[in-house]
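Numbering (our numbering), first residue to last: 32 to 247.
Virtual Cβ for every residue (Gly too), placed ideally from N, Cα, C.
Since we're looking at a predicted model, the values are computed, not measured.
Data block below; observations after.
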């Protein structure tokens, strides 16, 4: 199909409701500081060892300030995962909408590369990613963040390049994302820049899987 020039904005869906939504600039800045502190701690010790007390100390805030927004550490991690989701989706959106891409394959390749770059540059992303590994049941709306990512990517590619937006194509892309997530997470397990061999396998295998099964 010939390329179209439509540009879309990919909406994101917040996965967690904070105890007190910040309505003033000071509250927003405080919330950002708490999430930044949590992200840096996740980079250092992982999600299992993070505590609200550690976040309060790192942010220079009282424990009461943490609990003002987050009733427990899990909600805090959910909020950080939601922020990661929003930020990685912004990168994916920019990649797909880049007019330099002549077809959906090149746009999708750069979108996947932008995710790998997020592992390298976004604090807390290596350990938490978009929060799907938090074992919370039942799932909100029965869906994972990666299923939302797949849905948004297919919507973007359909709008930009005229490819079919179907349940089958969304499933194929979600399956590809799950495979890529496992391999790329392994690549960054002990190397903040990523293991090139695992990244190469992820890139080759997942691109091949999607190209063979997407039906475009």
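So residue 208 and residue 181 are supposed to be a Cβ contact under 8 Å. How far apart are they, rounded?
The beta-carbon separation of residue 208 and residue 181, rounded to 6 Å, stays under the 8 Å limit for a contact.
Under the three-state reduction of DSSP, which class applies to residue 172: helix, strand or coil?
Residue 172: helix per DSSP, three-state reduction.
Can you have a look at residue 158 and say buried or exposed, based on whether 16 or more other CB atoms are within 10 angstroms of its CB?
Buried, by the Cβ-count rule.
What residue range does the alpha helix (DSSP H) around residue 194 cover?
No alpha helix (DSSP H) contains residue 194, which DSSP labels as neither H nor E.
Considering just the uninterrupted stretch of the alpha helix (DSSP H) at residue 69, what are its terminal residues?
Its alpha helix (DSSP H) spans residues 56–76.
DSSP three-state call for residue 162: helix, strand or coil?
When DSSP states are grouped into helix, strand and coil, residue 162 belongs to the coil group.
CA nearest to the CA of residue 243, picked from 186, 57, 136
Selection 186, 57, 136 evaluated against residue 243 yields 136 as nearest (Cα-Cα).
Do you know offhand how far residue 156's Cα is from residue 229's?
Going from the Cα of residue 156 to the Cα of residue 229 covers about 17 Å.
Identify whether residue 82 lies in helix, strand or coil by the three-state DSSP scheme.
Coil.
Which residue comes first and which comes last in the alpha helix (DSSP H) that contains residue 94?
Unbroken alpha helix (DSSP H) run through residue 94: 94–100.
Measuring CB to CB, does residue 65 end up less than 7 Å from residue 86?
Cβ atoms of residue 65 and residue 86: closer than 7 Å.
Which one of 72, 108, 164, 146 has the shortest CA to CA distance from residue 224?
Looking only at 72, 108, 164, 146, the smallest Cα-Cα distance to residue 224 is reached by 146.
Closest residue to residue 217 among 206, 203, 233 (Cα-Cα distance):
Comparing C-alpha distances from residue 217 to each of 206, 203, 233 shows the shortest one belongs to 233.
Classification of residue 94 by the beta-carbon crowding that lies within 10 angstroms, buried from 16 upward:
Its Cβ having fewer than 16 others within 10 Å, residue 94 is exposed.
Which stretch, first to last residue, makes up the alpha helix (DSSP H) that contains residue 23?
Summary: the structure shown does not reach residue 23, with the chain confined to residues 32 through 247, and so no result is reported for it.
How close, in whole Å, do the beta carbons of residue 73 and residue 62 come, if the pair is a contact with beta carbons under 8 Å?
At roughly 16 Å, the Cβ-Cβ gap does not stay under 8 Å, so residue 73 and residue 62 are not in contact.
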